[in-house]
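J.: Pasting in a structure now, in structure tokens, and then I'll have a few things to ask.
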Amino acid sequence: MSQPSPLWYATRGAGIATLMLLTAAVVLGIVTSVRWKSEDWPRFLVAALHRNISLFVIVFGVVHVITAIADPITSLGLKALVPFASDYRPLWLGIGVISADLLLAIVATSLLRDRLGYVAWRVVHWLTYASWPLAMLHSLGTGTDPHSGWFMLVAAGCTVSILAALFWRINQGLGEHPNLRLLAQGACAAGALVLVVWTAGGPLQAGWARAAGTPSYLLASNGATPGSASAVLAPGVVDQLQGSLSQARDGTLQVSLSDMQNPALQITLNVAGQGAGQASLTATQNGTPICQAPARVAVAVTAQCGQTQVTITLQRADGRSNAIVGELTTEAA
Amino acid sequence: MKVVLRVNPIKCKAEGLCAELFPERIQLDEWGYPIIEQGDIPDDQLEHAQRAVAECPRLALILQDQT
Amino acid sequence: MAVVQVEAPTLPRLVIGTDASESLASHRARVGDLPQLRSEMERWEMISVLERSGLRGRGGAGFPVGTKWRSVAVQVQAARYGVVLLNAAEGEPASAKDRVLVALRPHLVLDGAMLGAQAVGAGEVIVYVGREMTEARQALERALRERRSAGLKEPRTRVVEAPDRYVAGEESAAVHRVNGGDAKPTFAPPRPFQRGVHGAPTLVQNVESLAHAALVGRFGDAWFRSIGTPTSPGSCLLTVRTGDQVRVREVELGTRIGQILAGLDPGKPPRAILLGGYFGAWLPWPRAADLSLEYESLRAAGAALGCGLVLSLPQDRCGLAEGARVLSYLADETAGQCGPCVHGLRAMADTFWRLAFARVRASDVAQIERWAQQVAGRGACRHPDGAVGMLRSCLATFADEVQEHLHHGPCSAALHAPAVAPIPDGEIRWR
Chain A
20 MSQPSPLWYA TRGAGIATLM LLTAAVVLGI VTSVRWKSED WPRFLVAALH
70 RNISLFVIVF GVVHVITAIA DPITSLGLKA LVPFASDYRP LWLGIGVISA
120 DLLLAIVATS LLRDRLGYVA WRVVHWLTYA SWPLAMLHSL GTGTDPHSGW
170 FMLVAAGCTV SILAALFWRI NQGLGEHPNL RLLAQGACAA GALVLVVWTA
220 GGPLQAGWAR AAGTPSYLLA SNGATPGSAS AVLAPGVVDQ LQGSLSQARD
270 GTLQVSLSDM QNPALQITLN VAGQGAGQAS LTATQNGTPI CQAPARVAVA
320 VTAQCGQTQV TITLQRADGR SNAIVGELTT EAA
Chain B
671 MKVVLRVNPI KCKAEGLCAE LFPERIQLDE WGYPIIEQGD IPDDQLEHAQ
721 RAVAECPRLA LILQDQT
Chain C
2 MAVVQVEAPT LPRLVIGTDA SESLASHRAR VGDLPQLRSE MERWEMISVL
52 ERSGLRGRGG AGFPVGTKWR SVAVQVQAAR YGVVLLNAAE GEPASAKDRV
102 LVALRPHLVL DGAMLGAQAV GAGEVIVYVG REMTEARQAL ERALRERRSA
152 GLKEPRTRVV EAPDRYVAGE ESAAVHRVNG GDAKPTFAPP RPFQRGVHGA
202 PTLVQNVESL AHAALVGRFG DAWFRSIGTP TSPGSCLLTV RTGDQVRVRE
252 VELGTRIGQI LAGLDPGKPP RAILLGGYFG AWLPWPRAAD LSLEYESLRA
302 AGAALGCGLV LSLPQDRCGL AEGARVLSYL ADETAGQCGP CVHGLRAMAD
352 TFWRLAFARV RASDVAQIER WAQQVAGRGA CRHPDGAVGM LRSCLATFAD
402 EVQEHLHHGP CSAALHAPAV APIPDGEIRW R
């Protein structure tokens with residue numbers, strides 16, 4: 020279950036393509052508004068290219084959304100289409116939803132422009148300036164690729180292009196007002212700087228996935244530092260466990276266990292009150308979490324930590340108290 | 671069908687796409703505003719006229735039916 | 002009610018020499034009651050009377066009044082609602098006839114509007130009057146109150162102020178202002194007679210035209226045609242400006258211009274006149290003296306009655322200087338909506354200014370003509386066309402002066418003599 024599905028790759032690919040195309044569309048839109056033209060680039064060409072690329076943004080955006088929703092790993096469901104209502108990193112995903120909604124709005128108003136009139140169209144079109152930073156924040160906050168160098172290159176390239184185009188536009192629009200011009204350009208540069216600083220201090224830091232709201236059962240496959248789980252919970256472990264059972268206020272059962280052979284290893288099982296067989300397992304080494312995974316409760320408790328299949332058998336130590344004893348075995352998954 | 675191309679001078683903001691797309695009938699004056707040659711648009715030019723109307727960013731061009 | 006016996010007026014018909022605004026009672030005593038058009042047939046018959054009278058609009062365009070009423074009536078029939086807009090905006094700075102007429106005879110003017118409303122089937126009357134015309138506005142408001150208390154059954158009437166701008170009296174600008182926007186012209190189609198105030202067919206008519214119509218409605222088309230010429234019947238109001246004097250005069254159409262100015266400035270014939278308005282034509286003297294004030298012969302001479310301005314340019318003044326000042330004013334008074342007008346008028350005015358007051362080359366004068374060709378007909382209204390017409394007539398009438406200025410620079414009259422044509426200088430407001 021922790022193997023990413025093809026849809027996961029598809030959604031990331033489509034997402035990045037959308038971001039790049041959106042950058043191109045915004046830049047071309049700015050080129051249109053500064054009324055640039057050349058021998059080879061008449062105005063109608065720039066305008067038509069801007070329009071056609073914007074339509075591609077929608078196409079790739081739709082692919083990105085559909086594959087993300089269909090992906091079983093993140094189990095987003097259709098409620099993810101409502102801003103901030105998803106289970107997966109709600110804030111950052113919601114920002115992406117809003118960005119997409121703005122783009123849909125401009126497509127709709129453009130198709131109906133004859134009916135709506137120029138002014139209404141213009142207002143909505145102005146709002147699409149916002150869709151780019153929202154898309155960028157979304158990709159940095161929701162995406163799982165910030166760490167990789169190539170994505171950073173793409174993001175940096177997009178940001179620089181937008182910044183350059185904005186500077187050009189501001190030069191043209193506020194040419195007569197040097198103070199306002201510097202203020203506007205300074206604001207854009209400051210915005211870009213804030214983006215860089217935030218990225219360094221946020222998405223690029225370890226622990227971002229959890230802080231951003233990734234559901235805990237997904238963190239083993241993509242959030243936890245790799246390698247540590249496999250060291251302690253390597254295949255071939257056969258240890259005795261000892262611990263106790265308690266019931267939390269909301270009805271969930273909690274079993275806290277220590278490994279007798281490896282006292283630094285603590286295992287906690289949380290079982291949902293309905294007893295539907297769904298549980299989660301947390302293993303810590305000297306207090307540091309090394310595995311957090313969903314667990315299945317049947318005859319034994321099974322869970323997957325990294326590449327290791329973990330099996331725990333439990334029984335009451337004696338009939339009257341909450342004391343539990345058990346056995347931990349691991350094998351290669 | 672007799673059709674005439676007209677510009678709404680109030681909406682027109684000298685974007686200039688029309689003259690690129692329909693140079694047979696549209697020239698730009700020294701300030702960038704379109705001078706449209708008068709007369710009916712012949713059938714073989716109608717497509718260009720329609721394209722100019724569609725591409726005007728300000729929706730300032732109209733094809734008027736003169737029948 | 003006693004039957005009031007009235008006599009059809011002879012000249013003057015409009016500007017009876019009172020200097021206080023006429024009360025309803027004395028108005029009725031003078032001209033009797035306004036006929037009531039009770040049936041559809043009577044309404045269409047009244048329109049025919051107006052058509053037969055040959056009355057043409059006195060706001061500047063000279064469009065036949067009866068024809069206009071008929072077009073509006075047809076539209077109102079389909080739209081089931083219509084509006085009459087009484088146009089007293091008089092944006093022409095040198096003209097005073099409309100405000101004087103309204104101040105003197107508000108009831109006659111309102112009669113015309115009410116007659117028009119009956120004839121076309123309008124349910125509402127808008128009185129559109131210039132913000133600066135205090136006397137005229139007060140006279141109208143007083144007259145409306147009088148009519149209401151007299152129990153006259155008239156359509157709902159309200160007063161809307163026009164800003165003091167040259168184009169505020171243009172018919173689509175008037176409609177736009179009444180509809181809540183700026184007093185700036187709009188693109189046609191639709192024209193006001195098709196869709197105007199509240200989107201309904203609207204009859205926009207100058208106050209002088211309505212005053213004549215009010216008399217035609219009472220005394221008939223034959224009476225109206227009893228003076229004037231067969232193709233230019235009736236009388237008209239003129240604003241005659243000679244030196245410092247401004248006179249509003251009513252004259253019979255067909256009168257020679259020489260006769261109009263005779264005796265006003267004895268011993269000194271003018272150098273030229275500006276006829277019709279700031280959008281009119283400069284005409285040299287003495288050729289202008291022999292022109293008669295009628296539509297056909299004026300048109301043949303490249304001029305028109307316009308809004309009735311007759312501005313006399315003394316011998317010791319420079320026609321180019323006057324023309325340059327007027328053109329600069331017209332360039333400032335564009336609504337700022339149409340590129341060719343805004344840029345073209347400014348370009349022409351700047352170069353013409355230098356021709357009058359500084360130094361230009363012959364090629365610059367040729368450039369003015371090229372701009373004139375580029376600009377005419379490319380605005381949403383006729384403002385650029387009027388400016389171009391005035392400019393061309395100025396260059397033609399003062400061709401000698403053009404050569405003088407080209408070779409020797411501005412004449413002393415241009416540099417030192419005070420202006421003749423009044424150029425207002427107010428804050429720019431569009432509502």
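Chains as they are written, first to last, in the numbering used here: chain A, 20 to 352; chain B, 671 to 737; chain C, 2 to 432.
C-beta atoms are modelled at their ideal positions from N, C-alpha and C, and glycine is treated no differently.
Quick caveat, the model's predicted, so the values are computed rather than measured.
Check whether the Cβ of F63/A lies closer than 8 Å to any Cβ atom in chain B.
T.: yes
J.: Is it the case that the Cβ atoms of L407/C and V361/C are separated by a distance below 8 Å?
T.: yes
J.: Contact criterion: CB-CB distance below 8 Å. Does A127/A meet it with respect to chain B?
T.: no
J.: For A99/A and S167/A, I'd like the C-alpha separation in whole angstroms.
T.: 26 Å
J.: Measure from the C-beta of R432/C to each C-beta in chain B and report whether the shortest distance is under 8 Å.
T.: no
J.: Could you confirm whether any beta carbon from chain B is found closer than 8 Å to the beta carbon of G456/C?
T.: This structure gives no information on residue 456/C, because the portion of chain C shown stretches from 2 to 432.
J.: When the Cα of T240/C is compared with those of G410/C, A95/C and R57/C, which residue comes out closest?
T.: Nearest in C-alpha terms to T240/C, of all of G410/C, A95/C and R57/C, is A95/C.
J.: What does a CB cutoff of less than 7 Å around I181/A pick up in its chain, not counting 5 residues either side in sequence?
T.: T42, V45, V46 and W151
J.: Can you say whether A356/C is buried or exposed, counting buried as having 16 or more other CB atoms within 10 angstroms of its CB?
T.: According to the sequence provided, residue 356/C is Leu. The question's Ala does not apply to it. Label assigned to L356/C: buried.
J.: Tell whether a beta-carbon distance below 8 Å holds between L276/C and V311/C.
T.: Note that the C-beta distance between L276/C and V311/C is below 8 Å.
J.: Answer yes or no: does any C-beta atom of chain B fall closer than 8 Å to that of Y137/A?
T.: yes
J.: Assign S21/A to one of three DSSP states: helix, strand, or coil.
T.: In this predicted model, S21/A has a pLDDT of only 48, less than 50, meaning its place in the structure is not dependable enough to derive any value.
J.: What does P344/C reach in chain B if we use C-beta pairs closer than 7 Å?
T.: The sequence given here has His at residue 344/C, not Pro. Ordered by position in chain B, the residues that pass the 7 Å Cβ test against H344/C are W701.
J.: Would you list the one or two residues that DSSP bridges to D258/A?
T.: For D258/A, the beta-bridge partners assigned by DSSP are L347/A.
J.: In or out: G113/A buried (at least 16 other Cβ within 10 Å) or exposed?
T.: buried
J.: If the cut is a Cβ gap below 8 Å, which residues of chain B does F188/C touch?
T.: N678, P679, I680 and K681
J.: G378/C and F353/C: beta carbons closer than 8 Å?
T.: No.
J.: Name the one or two DSSP bridge partners that Y129/C has.
T.: N88/C and V161/C
J.: Report buried or exposed for P385/C, applying the criterion of at least 16 other Cβ atoms within 10 angstroms of its Cβ.
T.: buried
J.: For I424/C, I'd like the list of residues in its chain whose CB is within less than 6 Å of its CB, leaving aside the five on either flank, ordered along the chain.
T.: R326 and Y330
J.: What does the alpha-carbon distance come out to for the pair A314/A and T330/A?
T.: 9 Å
J.: Checking the sheet assignment: what are the DSSP bridge partners for Q334/A?
T.: V344/A
J.: What does A684/B reach in chain C if we use C-beta pairs closer than 7 Å?
T.: Identification of chain C residues near A684/B by a Cβ-Cβ cut-off of 7 Å yields G340, ordered along the chain.
J.: Quick check: is the beta carbon of Q375/C nearer than 8 Å to any beta carbon in chain B?
T.: yes
J.: Determine, for A44/A, whether the minimum Cβ-Cβ distance to residues of chain B falls below 8 Å.
T.: Among the CB atoms of chain B, none fall inside 8 Å of the CB of A44/A.
J.: Mind checking W140/A: buried by the 16 CB within 10 Å criterion, or exposed?
T.: buried
J.: Anyone know if the C-beta pair for V54/C and D291/C falls short of 8 Å?
T.: The identity of residue 54/C in the sequence shown is Ser, whereas the question assumes Val. Taking 8 Å as the Cβ cut-off, S54/C and D291/C do not qualify as a contacting pair.
J.: Check whether the stretch 104-119 of chain C and the stretch 73-87 of chain C are in contact - that is, three or more C-beta pairs closer than 8 Å.
T.: yes
J.: In its own chain, which residues sit with a C-beta less than 7 Å from the C-beta of A80/C, not counting the 5 before and 5 after it?
T.: A201 and P202
J.: Give the residues of chain B in contact with A66/A, contact being defined as C-beta atoms less than 8 Å apart.
T.: In chain order: L687, E725 and P727.
J.: Listing by chain order, which chain A residues have their CB less than 8 Å from the CB of E707/B?
T.: Going along chain A, no residue has its Cβ under 8 Å from E707/B, so there is no contact; the nearest lies around 19 Å.
J.: Please report the distance separating the alpha-carbon of A351/A from that of Q326/A.
T.: For A351/A and Q326/A, the gap between their C-alpha atoms comes out near 6 Å.
J.: What residues from chain D crowd round L691/B, counting only those whose CB sits closer than 8 Å?
T.: The displayed structure is made up of protein chains A, B and C, and chain D is not among them.
J.: Look up A282/C in the DSSP assignment and say whether it is helix, strand or coil.
T.: strand
J.: For L731/B, list the residues DSSP reports as bridge partners.
T.: V677/B, per the DSSP bridge assignment.
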